[in-house]
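Trainee: With our numbering applied, the sequence shown closes on residue 333, and no number is skipped along the way.
Yeah, the Cβ is synthetic: ideal placement off N, Cα and C, and Gly gets one too.
Model, not experiment: these values are computed from the prediction.
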Amino acid sequence: MLASADEEIDNTLSELLFSGFTAGFAIVLTFIGYTVGTATFPNNRFLAAVLYPIGFMYIILGRYELYTETTLPPVKLVLTRLASLPLLLRMWSVVLLANVIGAAFGAFILANTHVLTPAEMEVGAEFLQHGLELGWWDLFFKALFAGWLVAGVVWLHTATRDTISRVVITYLVFFTIPVLNLYHVVSSGAEALFVVFLKTPSPGVLTLIYEFWLPILLGNTTGGVVLVALASYAQAEKRRYPEIRVLSTREMLFSLKGGRPFETPRPGIQLPENGGGPEEESDTTR
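(1) If we count the other Cβ atoms within 10 Å of its Cβ and call it buried at 16 or more, is Pro-225 buried or exposed?
(2) Pull up the CB-CB distance for Ile-263 and Ser-235, whole angstroms please, since I reckon it's below 8 Å.
(3) Between which two residues does the alpha helix (DSSP H) containing Arg-92 stretch?
(4) Starting from Tyr-105, trace the alpha helix (DSSP H) in both directions and tell me its first and last residue.
(5) Please report how far the alpha carbon of Ser-131 lies from the alpha carbon of Leu-64, in whole angstroms.
(6) Below 8 Å, how does it come out for the segment 93-107 and the segment 180-187: are there three or more Cβ pairs, yes or no?
(7) Could you check how far apart the C-beta atoms of Val-75 and Leu-157 are, in whole angstroms? I think they sit under 8 Å.
(8) Which of the three DSSP states, helix, strand or coil, is assigned to Ala-130?
(9) My assumption, with CB atoms under 8 Å, is that Tyr-114 sits in contact with Val-293. Please give the rounded CB distance.
(10) So the candidates are Phe-222, Val-252, Ser-295; which of them puts its Cα closest to the Cα of Leu-175?
(11) Assign Ser-140 to one of two classes, buried (16 or more other C-beta atoms within 10 Å of its C-beta) or exposed (fewer than that).
(12) Between Leu-63 and the ligand GDP, is the CB less than 7 Å from at least one heavy atom?
(13) Say whether the segment 205-212 touches the segment 69-84, bearing in mind that this needs 3 or more beta-carbon pairs closer than 8 Å, one atom from each stretch.
(14) Roughly how many angstroms lie between the CA atoms of Asn-159 and Val-170, to the nearest whole one?
(15) Out of curiosity, what's the CA-to-CA distance linking Leu-196 and Val-273?
(16) Using 8 Å as the threshold, is the C-beta distance between Val-147 and Glu-112 below it?
(17) For Val-83, which residues in the same chain have their Cβ closer than 7 Å to its Cβ, ignoring the five residues on either side in sequence?
(18) Tell me whether Phe-221 is buried or exposed, calling it buried when 16 or more other Cβ atoms sit within 10 Å of its Cβ.
(19) Taking all protein chains shown into account, do 16 or more other C-beta atoms lie within 10 angstroms of the C-beta of His-177, making it buried, or fewer, making it exposed?
(20) Considering just the uninterrupted stretch of the alpha helix (DSSP H) at Thr-69, what are its terminal residues?
(21) DSSP three-state call for Val-243: helix, strand or coil?
(22) Does the beta-carbon of Leu-136 have 16 or more other beta-carbons within 10 angstroms, so that it is buried, or is it exposed?
(23) Sorted by chain position, which residues of the same chain lie with C-beta nearer than 6 Å to Phe-78's C-beta, five sequence neighbours on each side aside?
(24) So, at 6 Å on beta carbons, what are the nonlocal neighbours of Pro-191 in its own chain, with the 5 sequence-adjacent residues on each side left out?
Now the structure itself:
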């Protein structure tokens, strides 16, 4: 888990932006799939959600940067004092911004073309209305459980070794979100932006942000960080490598330090010359 976190937080700004944009644009596949499914099977929630996971599968299996999916590993670095809080917040901000821009680009295309039929576009616009009818705190708690599910995908993937298992886990987890009527911040953002670009009568942008998108953002973050990262940190033994210096309190709060430099020794596994069992690697390769 820490190795994955180290890789995430070491990404450059341009890598985060382009990868996050691609992930946000891919979320539109989820919006299309869910819209078509709901229009086709309006009275069957299970069948309506069959195509919902498609965008998320493209993102996670393709290893693109998605805000909720990348919350867990970097938080582990901060909790073990191997990365600073500002560095974590910078990564989150860049990824979330790139996700929203990518989702906005896809939503604009859908709202101004005929990819969806008029009936399907009407159904897609209704997703936002249903969310607004729930209220702030209901959206928050629904998003909290969605954040727990999404961040948990990272945890479950560490226990799997083959692609088939990862595909099944990813599909089942994200299929659960629409079936339980939960909310994800990026896919819900695509739904709201779609309504905005349709130019139909709708609440103002500020109202959509505060009444719809903000509680989902906070709920997803709370579910991903508190219910998964903190719980797993409390249950797991903290392991530190002697060659890595932990950050001081000042560095934790006010610096952008974190991630291991290229020349830092990294733990690994190699087979000894006598053909015995695995032992810890002693060289300094990345």
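Mentor: On the basis of the coordinates in this document:
(1) As a working mapping, residue 225 is identified with position 178 in the sequence shown. With 16 or more Cβ atoms within 10 Å of its Cβ, Pro-225 is classed as buried.
(2) For the purposes of this step, residue 263 is taken as the residue at position 216 of the sequence shown. For the purposes of this step, residue 235 is taken as the residue at position 188 of the sequence shown. Approximately 5 Å separates the beta-carbon atoms of Ile-263 and Ser-235; this is inside 8 Å, confirming the contact.
(3) Start at 1 with the first residue of the sequence shown, and residue 92 comes out as number 45. Run containing Arg-92: 92-95, per the alpha helix (DSSP H) assignment.
(4) Translated into the one-based positions of the sequence shown, residue 105 becomes position 58. Note, Tyr-105: alpha helix (DSSP H), 101-108.
(5) In the sequence shown, the residue the question calls residue 131 occupies position 84. In the sequence shown, the residue the question calls residue 64 occupies position 17. So the two alpha carbons sit approximately 20 Å from each other.
(6) The segment 93-107 vs the segment 180-187: no contact.
(7) As a working mapping, residue 75 is identified with position 28 in the sequence shown. As a working mapping, residue 157 is identified with position 110 in the sequence shown. At roughly 7 Å, the Cβ-Cβ gap stays under 8 Å, so Val-75 and Leu-157 are in contact.
(8) As a first step, residue 130 must be located in the sequence shown, where it is residue number 83. In the structure shown, Ala-130 sits in a strand (DSSP, three-state: E or B).
(9) Position 67 of the sequence shown, counted from the start, is the residue given in the question as residue 114. Position 246 of the sequence shown, counted from the start, is the residue given in the question as residue 293. Actually they do not touch by this definition, with Cβ atoms about 27 Å apart.
(10) Position 128 of the sequence shown, counted from the start, is the residue given in the question as residue 175. Residue nearest to Leu-175 within the set Phe-222, Val-252, Ser-295 is Val-252 (criterion: CA-CA distance).
(11) Locating residue 140 in the sequence shown gives position 93, where the first residue counts as 1. Exposed, since its Cβ has fewer than 16 Cβ neighbours within 10 Å.
(12) The ligand GDP is not among the ligands present in this structure, which contains no ligands whatsoever.
(13) no
(14) Taking the first residue of the sequence shown as position 1, residue 159 is located at position 112. Taking the first residue of the sequence shown as position 1, residue 170 is located at position 123. Roughly 16 Å between the two C-alpha positions.
(15) In the sequence shown, residue 196 corresponds to position 149, counting from 1. In the sequence shown, residue 273 corresponds to position 226, counting from 1. Going from the Cα of Leu-196 to the Cα of Val-273 covers about 12 Å.
(16) The residue labelled residue 147 in the question sits at position 100 within the sequence shown. The residue labelled residue 112 in the question sits at position 65 within the sequence shown. No, they are not a contact pair.
(17) Along the sequence shown, one-based indexing puts residue 83 at 36. Counting only residues of its own chain and dropping the five nearest sequence neighbours on each side, Val-83 has a CB closer than 7 Å to the CB of Leu-98, Glu-167.
(18) Counting from one through the sequence shown, the residue named residue 221 turns up at place 174. Classification for Phe-221: buried.
(19) For the purposes of this step, residue 177 is identified with residue 130 of the sequence shown, where counting begins at 1. Exposed, since its Cβ has fewer than 16 Cβ neighbours within 10 Å.
(20) What you label residue 69 is simply residue 22 of the sequence shown in a count that begins at 1. Per DSSP, Thr-69 belongs to the alpha helix (DSSP H) from 60-87.
(21) Locating residue 243 in the sequence shown gives position 196, where the first residue counts as 1. DSSP places Val-243 in helix when its eight states are reduced to three.
(22) Along the sequence shown, read from residue 1 onward, the residue named residue 136 stands at position 89. By the neighbour-count rule (16 or more Cβ atoms within 10 Å), Leu-136 is not buried but exposed.
(23) For the purposes of this step, residue 78 is taken as the residue at position 31 of the sequence shown. These residues qualify, in order along the chain: Ala-237.
(24) Position 144 of the sequence shown holds residue 191. A small fix is needed here, since residue 191 is Leu in this sequence, not Pro. For Leu-191, where only same-chain residues beyond five positions count, the Cβ hits under 6 Å are Gly-266, Thr-269, Gly-270.
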